[in-house]
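Chemist: Submitted below is the structure of interest, expressed as structure tokens.
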Amino acid sequence: MAKNEGGEYVTKELYQKIMRGTDIIREEKQKAWIVTVIKGAKSFYDGFDIDDSLVAMEMLDKGEDFSTVQKYVKDLVASDSFKESVNNLILKFSDSGVEYYKDTYKDCMSKKQQELLECIENQNKLMDERKSKRLEANIWLEDEM
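Residue numbers (this note's numbering): 1 to 145.
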């Protein structure tokens, strides 16, 4: 077992989930991912929603189409609230999460879901703008050298 930044011990299994996620999750969201994995292990779903969301996010990262990932989530032997938890994790952490979520709930999105989607979409835009500005600054600095 290793200690995380907060001094808590992290099992090998949790560490593997964290690392799988950090391979596909944008850098700005990785600390939130670590917290989510650790808290998820002690949650109502015992981290199984984390496992299934990781599989789905890896599928999206490899270019699988939304319908294939949606079928994977739909075929989970679990409650609708579990599947919603998986989809919320995909929304929050996957680079394709916003588009996937819009496609998944296109015919039945509640006001709460719309608000969550808008919030994540705005966060992603801000992160993209910051990244673009950093890249521009780096290019400018390289030109000066």
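We put the beta carbon where it would ideally sit given N, CA and C, even for glycine.
Using CA atoms only, rank isn't needed, just tell me which of F82, E28, G63 is closest to D49.
Modeler: Considering only alpha carbons, the answer is F82.
Chemist: Do three or more CB pairs link the segment 36 to 52 to the segment 74 to 90 at distances below 8 Å?
Modeler: yes
Chemist: Assuming R26 is part of the alpha helix (DSSP H), what are its boundary residues?
Modeler: Where R26 is concerned, there is no enclosing alpha helix (DSSP H), given that its DSSP letter is neither H nor E.
Chemist: When burial is assigned at 16 or more other CB atoms within 10 Å of the CB, is M19 buried or exposed?
Modeler: Under a 10 Å Cβ-count criterion, M19 is classified as exposed, with fewer than 16 other Cβ atoms of the shown protein chains found around its own Cβ.
Chemist: Look at the alpha carbon of E27 and the alpha carbon of V73, and state the distance between them as a whole number of angstroms.
Modeler: 25 Å
Chemist: Which class does M1 belong to by DSSP, given the choice of helix, strand or coil?
Modeler: Confidence at M1 is low in this model, with a pLDDT of 48, below 50, so its placement is unreliable and no value can be given for it.
Chemist: Which term fits G63, buried or exposed, when burial requires 16 or more other beta carbons within 10 angstroms of its beta carbon?
Modeler: It counts as exposed.
Chemist: What do you reckon, are the CB atoms on V69 and L60 nearer than 8 Å?
Modeler: The answer is yes: Cβ separation under 8 Å.
Chemist: According to DSSP, simplified to helix, strand and coil, what is K131?
Modeler: helix
Chemist: Tell me which residues share the same chain as Q113 and place their Cβ nearer than 7 Å to its Cβ, disregarding the 5 neighbours each side in the sequence.
Modeler: Once the five neighbours on either side are set aside, the close Cβ partners of Q113 are Y105.
Chemist: Can you give me the Cβ contacts of L116 inside the same chain, cut-off strictly under 8 Å, excluding the 5 residues immediately before and after it?
Modeler: N88, L91
Chemist: Can you tell me the Cα-Cα spacing of K133 and Q123, whole angstroms?
Modeler: 16 Å
Chemist: Enumerate in chain order the residues of its own chain whose CB-to-CB distance from S53 is below 6 Å, with the five nearest sequence positions on each side excluded.
Modeler: Only V86, L89, I90 meet the Cβ criterion.
Chemist: Got a sec, what are the start and stop residues for the alpha helix (DSSP H) G40 sits in?
Modeler: 30 to 41
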